[in-house]
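Input: a single structure, listed below in structure tokens.
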Amino acid sequence: MRRVALRVGTVVVAVVLSLISTALAAGAASATEPCRLNMVWAGRVGEVNASLAPNGFVQWGARSYVDGGGLWLAFVLVGRRTVDRKEQGYPPHGSVSPKDLRSGQVLRFLVYHVDTNGNKSVSRPDASCLIP
Amino acid sequence: MLRVSSHDLAEALARRLDEVAPARITVRAQGPDVAVLHDGQVVGISGAPAILETVEALREPGENLETAVRATLSGVQDYIADVTTEPWPGVGGQQPNPDARVRDETVSMWFGAEDAPVLRLPPIDLRGAR
């Protein structure tokens with residue numbers, strides 16, 4: 005129990021630090037690619053994927069190449085505005101309504117994972133796209 | 024001025040969703056979160072009500088409340104569909120998208136088209152009622 009609490013605590017600290025850095029970097033939209041169909045931000049042990057559908061919704065998900073169990077925390081931001089946050093024991097997915105998307109702002113995905121062996125991973129910092 | 028805490032919103036949404044959730048699924052508020060349980064085991068937790076406590080909520084309280092409700096409904100919908108392997112709500116076909124509107128002191132929420140929803144939840148009265 006204590007071990008789990010420590011893991012969760014570590015993840016929460018990582019989340020807070022990442023959110024701070026994300027907030028500081030939120031103005032740097034110029035280097036971000038426009039949102040489109042079939043975007044993938046792949047890392048060594050997993051990936052975040054997202055797709056801007058013709059109906060204006062963004063479908064997104066994350067997965068591990070190694071171990072999908074453990075604890076997943078996911079945050080979705082539009083600019084500096086959080087539009088979703090989830091916590092679950094399997095790879096997260098979701099959708100963002102066009103009503104929550106703002107043209108010209110950056111849509112960003114922050115996903116944290118502690119797998120069943122305690123290995124921690126975090127989504128790529130460039131897991132984002134510019135909302136057209 | 025719209026004033027509602029993430030705890031109150033989680034409680035109000037959980038109660039409404041629990042009433043319409045499929046068999047073996049329960050929806051409970053856990054502080055500022057909404058948890059979905061299957062046979063008593065937590066399947067997933069939506070932390071979307073906490074969107075109300077972000078800095079942006081001070082600037083656009085109505086919009087942020089709508090966002091928090093939409094995201095919570097969407098999260099719960101996904102958890103239910105994941106565990107039952109059936110789209111929810113409704114039968115067959117695609118999952119209807121959740122939506123919400125804040126007008127005056129009332130939050131309306133539904134799944135599907137606003138004028139022909141697949142499921143409409145009882146509105147939340149922000150003037151203190153849950």
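So the protein sequences, as listed, match chains A and B. Just so you know, my numbering puts the end of the first sequence at 136, numbered straight through with nothing missing. Just so you know, my numbering puts the end of the second sequence at 153, numbered straight through with nothing missing. Glycine residues also receive a C-beta, built at the ideal position from the N, C-alpha and C atoms.
Based on Cα-Cα distance, which residue from the options lies nearest to residue i?
i	options	result
valine 50 of chain B	B/Val99, B/Gly151 and B/Gly135	B/Val99
glutamate 86 of chain B	B/Tyr102, B/Asp127, B/Ile103 and B/Pro112	B/Asp127
glutamate 83 of chain B	A/Ser99, A/Thr86, A/Leu134 and A/Val100	A/Thr86
leucine 41 of chain A	A/Glu51, A/Leu81, A/Ala57 and A/Phe79	A/Ala57
arginine 74 of chain A	A/Trp64, A/Gly60, A/Gln92 and A/Asp88	A quick correction: the sequence has glycine, not arginine, at residue 74 of chain A. Closest option to glycine 74 of chain A, Cα to Cα, is A/Gln92.
glycine 135 of chain B	B/Ser97, B/Pro121 and B/Leu88	B/Pro121
serine 127 of chain A	A/Tyr94, A/Pro102 and A/Leu77	A/Leu77
isoleucine 135 of chain A	A/Asp88, A/Tyr94, A/Gly83 and A/Val52	A/Gly83
aspartate 56 of chain B	B/Thr107, B/Leu75 and B/Glu42	B/Leu75
aspartate 104 of chain A	B/Ala104, B/Val106 and B/Glu79	B/Glu79
Examine chain B for any beta-carbon lying closer than 9 Å to the beta-carbon of residue i, and answer yes or no.
i	result
alanine 29 of chain A	Model confidence at alanine 29 of chain A stands at a pLDDT of 44, short of 50, so the residue's coordinates are unreliable and nothing is read from them.
tyrosine 94 of chain A	yes
leucine 134 of chain A	no
threonine 86 of chain A	yes
serine 34 of chain A	Its pLDDT being 47, under 50, serine 34 of chain A is placed unreliably by the model, and the measurement read from it follows with that caveat. No, serine 34 of chain A does not count as interfacial toward chain B.
serine 25 of chain A	In this predicted model, serine 25 of chain A has a pLDDT of only 45, less than 50, meaning its place in the structure is not dependable; the value taken from the coordinates is given anyway. Not closer than 9 Å to any Cβ of chain B, the Cβ of serine 25 of chain A fails to qualify, so no.
In chain order, what residues of the same chain have a beta carbon less than 8 Å from the beta carbon of residue i, not counting five sequence neighbours either side?
i	result
aspartate 130 of chain A	Thr36 and Trp45
aspartate 71 of chain A	Asp119, Thr120, Asn121 and Asn123
serine 137 of chain A	Here chain A has residues from 5 to 136 only, and residue 137 of chain A is not among them.
proline 96 of chain A	Gly65, Ala66, Trp76, Ala78, Lys90 and Val115
leucine 59 of chain A	For the record, residue 59 of chain A in the displayed sequence is asparagine; it is not leucine. Here the set comprises Pro102.
serine 132 of chain A	Thr36, Val110, Leu111, Arg112 and Phe113
aspartate 94 of chain A	The residue you asked about is not aspartate; residue 94 of chain A is tyrosine in the sequence shown. The answer, listed in chain order, is Gly72, Gly73 and Trp76.
threonine 129 of chain B	Pro146, Ile147, Asp148 and Leu149
Starting from the beta carbon of residue i, find every residue of chain B whose beta carbon is closer than 7 Å, and list them in chain order.
i	result
serine 99 of chain A	Ser97
So residue i contacts chain B; which residues on that side make the cut at Cβ distance below 8 Å?
i	result
phenylalanine 141 of chain A	Limits of chain A in this structure are 5 at one end and 136 at the other, which puts residue 141 of chain A out of reach.
Tell me, please, whether the CB atom of residue i is closer than 9 Å to any CB atom in chain A?
i	result
arginine 93 of chain B	yes
proline 43 of chain B	Sequence inspection shows valine at residue 43 of chain B; the proline mentioned does not correspond to that position. So, not an interface residue.
alanine 73 of chain B	yes
aspartate 31 of chain B	no
aspartate 56 of chain B	yes
valine 65 of chain B	yes
aspartate 62 of chain B	no
aspartate 105 of chain B	yes
Could you name the residues of the same chain whose beta carbon sits closer than 7 Å to that of residue i, not counting the 5 residues immediately before and after it, in chain order?
i	result
valine 49 of chain A	Ser68, Tyr69, Val70 and Ser125
glutamate 89 of chain B	Ala123, Arg124 and Val125
arginine 47 of chain B	His61 and Asp62
leucine 32 of chain B	Pro72, Leu75 and Ala91
proline 140 of chain B	Trp133 and Phe134
proline 45 of chain B	Ile103, Thr107 and Trp111
Along chain B, which residues have their Cβ under 9 Å away from the Cβ of residue i?
i	result
lysine 124 of chain A	Those do not exist, as lysine 124 of chain A stays about 19 Å from chain B at its closest Cβ, beyond 9 Å.
aspartate 104 of chain A	Glu86, Glu89, Thr90, Arg93 and Ala94
Among all the DSSP beta bridges, which residues are the ones paired with residue i?
i	result
histidine 117 of chain A	A/Trp76 and A/Ser125
isoleucine 147 of chain B	B/Val130
threonine 90 of chain B	DSSP lists no partner for threonine 90 of chain B.
aspartate 88 of chain A	A/Val80
proline 38 of chain A	A/Leu134
valine 125 of chain B	B/Val130
aspartate 56 of chain B	B/Gln53
Could you name the residues of chain A that residue i contacts, counting a contact when the two beta carbons are closer than 7 Å?
i	result
serine 69 of chain B	Lys90
aspartate 101 of chain B	His97 and Gly98
Leaving out five residues before and five after residue i in sequence, what residues of the same chain have Cβ atoms less than 6 Å from its Cβ?
i	result
glycine 67 of chain B	Val59 and Tyr102
leucine 81 of chain A	Arg112
serine 107 of chain A	Ile135
What residues of chain A sit near residue i, judged by a beta carbon separation below 8 Å?
i	result
glutamate 79 of chain B	Arg84, Arg85 and Thr86
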